[in-house]
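Beneath this line is the structure, given in structure tokens, with notes to follow.
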Amino acid sequence: MRYLWIIGLAAVVSVCQASDFVIETSLPRQTVRHFGASDAWSMQFIGLWENEAEQNKIADWLFSTGNDADGKPKGIGLSVWRFNLGAGSAEQGKDSQIQPGTRTECFLTKDGSYDWTKQSGQRKFLRLAKERGVPHFLAFMNSAPVYFTQNGLATNTGRGGNINLKDDCYDDFARFLATVVEGIEEHDGIHFDYLCPVNEPDGHWNWLGPKQEGSPATNYEIARLVREVGREFNKRRLTTQILVDESSDYRCMLDTHETNWERGYQIRSFFSKDSVNTYLGNVPSVPRLMVGHSYWTNTPVPYMKDIREQLRDTIAKYGLKFWQTELCIMGNDEEIGGGGGYDFSMKTALYVARIIHHDLVYADAESWSWWRAAGGDYKDGLIRIYADDHNRKGENIGNKSGYAVDSRLMWALGNYSRFIRPGAVRYEVSSSEEFDPYGVMCSAYRNSDGSWAVVVINYSESLKDFNVRLSDQKAYKWQMYRTSDVSGETLKPVGICDGSAKLAPRSITTFVSLGK
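When the letters of the sequence shown are read in order and numbered with our numbering, they come out as residues 110 to 625.
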């Protein structure tokens, strides 16, 4: 059936000259640590469903590295899972000024004790992830616990651009974070490798106060908090690394954007010794690493490459590494119609794959994560969730059951996450053709076991002849896994080749080496 499809397709589309790519085995680039997604905000509800079969189906899709009887991957094998550590808006109910679907519980109670029954739905997915072999976990906070905030809320409510944290509660916040890291490991057996105490502190939406948890912060306030957390973690001998600073926009990391100098130039502010008041390079548990989000920098398409090359060069100047830790579709992503309305097709999948390619190849990202693992009728979930009763965004609010549908977006991420495993090294790929973000894009990775994974995007409407080889002349057979809009093609094994193949239109194919 697949052969007949190829023949029929070739009759109606033009076959271009072969795209020739060479993996430059003497030119290694960054080490890839992991690919991931977050549990916000759906897993707090999905984790409480009575239908465990549906929960396990979702967990298999997200975390499994196994194959079925036909050799087809059961899931996309995420290797880092981001846990949204709650600030307590759920306990406040309507008084939180936050919509029900994005409220979160807090382990800390009003009397100062800890309730380890909180966030149980999310914690179930922590355990499901670990059971399926996810090796890394990251916790992040959108707001300090409501007991420590200046306005008693987990949302900013237009109170200005400073951090929503009482001046005498920085140490309390640090003790809370350390206690939760210890508590979840004790109660759930989950060790957090990383924790980020602030999230998008530079986003102008955070200054106004949206209907979700969040707080702005200046670079000085972030530095003060991170130093306090570093002292507390060091005191308790915690090995969890503290990350900065989940920037909402690459432009804030490099310069200023929609704000003033107090929130801009973040790379320089945190890792130049000349920035005495904000320097974090000597703080215990803080790696030489910047983490940020890919929002708003993906159009125009040529700019997407330019901004990432600027980011790469600046990161290298200060001897740092870079992780991209969050992305979904926004209003400026006009090529695919913006964020509204869920899309199961390759339209969104290819668009996001092109961003992944740019972040890995031009920004040298060591880690790449999508925003939400599951969501409603918006382009922010890898998986589409349905429930009998839901709010306007399709959130599963308080339901005891629901069901999930996968998307080409999820499987497209799997073309990377399933086959490029933690510790893989990206290598430069050369081609005689000019780079075409609307044509064929190729990147190559060598896993720690010696195997190669080559991810090839064909953004075009045409069938493409393709050839890949290694510069050291070593020859391999390659197993091909393809994701496309063709029925059943979600990381589907589509044959073995010697490096030459035909790329289906509007598809992503991963070539995995089988040996000489």
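Beta carbons: idealized from backbone N, C-alpha and C, even for Gly.
Can you grab the Cα-Cα spacing for the pair residue i / residue j, in whole Å?
i      : j      : result
Cys215 : Lys320 : 17 Å
Trp170 : Arg481 : 14 Å
Val577 : Asp129 : 6 Å
Gly404 : Met413 : It is Tyr, not Gly, that sits at residue 404 in the sequence shown. Cα to Cα, Tyr404 sits roughly 11 Å from Met413.
Ser631 : Ile132 : One cannot answer for residue 631 here, as it falls past the ends of the chain, which runs 110 to 625.
Thr457 : Leu518 : 6 Å
Cys606 : Phe620 : 9 Å
Leu623 : Gly608 : 11 Å
Asp442 : Thr408 : 7 Å
Leu522 : Leu347 : 32 Å
Glu543 : Ile494 : 41 Å
Ser540 : Arg142 : 26 Å
Ala326 : Glu295 : 31 Å
Ser151 : Pro244 : 22 Å
Asn508 : Ser571 : 45 Å
Leu436 : Gly312 : 14 Å
Val595 : Asn343 : 53 Å
Ile445 : Ser593 : 16 Å
Ala253 : Val565 : 42 Å
Val255 : Cys305 : 17 Å
Gly210 : Asn176 : 34 Å
Ser356 : Ser478 : 14 Å
Gln375 : Asp179 : 48 Å
Asn369 : Lys183 : 47 Å
Asp415 : Tyr547 : 16 Å
Ile492 : Asn386 : 43 Å
Val335 : Asp148 : 24 Å
Tyr554 : Gly221 : 48 Å
Lys573 : Ala610 : 8 Å
Ala462 : Thr434 : 15 Å
Met399 : Asp354 : 7 Å
Arg345 : Ala287 : 8 Å
Gln208 : Ile299 : 29 Å
Lys586 : Trp158 : 44 Å
Please report the Cβ distance between residue i and residue j, rounded to the nearest whole angstrom; I am assuming they are in contact, meaning their Cβ atoms lie under 8 Å.
i      : j      : result
Val549 : Phe575 : 7 Å
Ser384 : Trp432 : Actually they do not touch by this definition, with Cβ atoms about 21 Å apart.
Leu247 : Phe285 : The Cβ separation is near 17 Å, so there is no contact.
Arg535 : Ser552 : 7 Å
Lys430 : Arg397 : 7 Å
Arg372 : Pro310 : 7 Å
Gly339 : Ile331 : Not confirmed; about 12 Å, so no contact.
Arg232 : Asp276 : The Cβ separation is near 32 Å, so there is no contact.
Ile167 : Ala513 : 5 Å
Arg191 : Phe249 : 6 Å
Ser135 : Ser580 : 7 Å
Gly230 : Gly156 : 3 Å
Trp225 : Gly292 : 6 Å
Arg236 : Glu537 : The pair is not a contact, with the Cβ atoms about 40 Å apart (cut-off 8 Å).
For residue i, collect the residues of the same chain with a Cβ closer than 8 Å to its Cβ; drop the 5 residues on either side in sequence, then sort them by chain order.
i      : result
Ser381 : Tyr388 and Tyr427
Gly450 : Asp486, Tyr487 and Lys488
Pro393 : Gly339, Arg340, Phe342 and Asn343
Gln259 : Arg268, Asn273, Leu274 and Lys275
Gly318 : Gln206, Thr264, Asn265, Thr266, Gly267 and Arg268
Below 6 Å CB to CB, which residues in the same chain sit around residue i once its five sequence neighbours on both sides are set aside?
i      : result
Val121 : Here Val121 scores only 35 on pLDDT, less than 50, and its place in the model should not be relied on; the value that follows carries that caveat. Within the same chain, Val121 has no close Cβ partners at all.
Arg591 : Glu598, Lys601, Val603, Ser616 and Thr618
Arg360 : His366
Ser526 : Phe144, Ile185, Gly186 and Leu187
Asn251 : Asn308, Glu322 and Gly323
Asn556 : Arg530 and Ala533
Gly503 : Because Gly503 sits at a pLDDT of 45, beneath the cut-off of 50, its placement in the model cannot be relied upon, and the following sentence gives the value as read from the coordinates. Hits under 6 Å: Gly485 and Asp486.
Ile438 : Gly448 and Lys488
For residue i, collect the residues of the same chain with a Cβ closer than 7 Å to its Cβ; drop the 5 residues on either side in sequence, then sort them by chain order.
i      : result
Val289 : Leu194 and Phe216
Arg421 : Tyr471, Ala472 and Asp473
Gly440 : Gly447 and Gly448
Asp204 : none
Looking only at DSSP bridge pairs, what is residue i linked to?
i      : result
Gly401 : Ser356 and Gln433
Thr140 : Val534
Leu235 : Paired residue(s): none; Leu235 is not in a bridge.
Asp574 : Lys611
Gly511 : Partner(s): none; Gly511 has no beta bridge.
Lys601 : Arg591
Tyr487 : Gly449
Phe619 : Correcting the residue identity first, residue 619 is Thr in this sequence and not Phe. DSSP lists Val564 and Tyr590 as partners of Thr619.
Phe282 : For Phe282, which the question treats as bridged, DSSP gives no partner whatsoever.
Inset, instruction - Go through the segment 293 to 323 residue by residue and report every complete run of the alpha helix (DSSP H) that reaches 4 residues or more, in order. - result: 313 to 317
Legend entry - Completely contained beta strand (DSSP E) runs for the segment 202 to 252, where each covers 3 or more residues: 245 to 250
Inset, instruction - For the segment 255 to 279, list the beta strand (DSSP E) runs that are entirely contained and at least 3 residues long, ordered along the chain. - result: none
Legend entry - Contiguous alpha helix (DSSP H) assignments of at least 4 residues, all confined to the segment 325 to 376: 328 to 344 and 359 to 363
Legend entry - Segments of 3+ residues assigned as beta strand (DSSP E) that fall wholly inside the segment 139 to 184: 143 to 147
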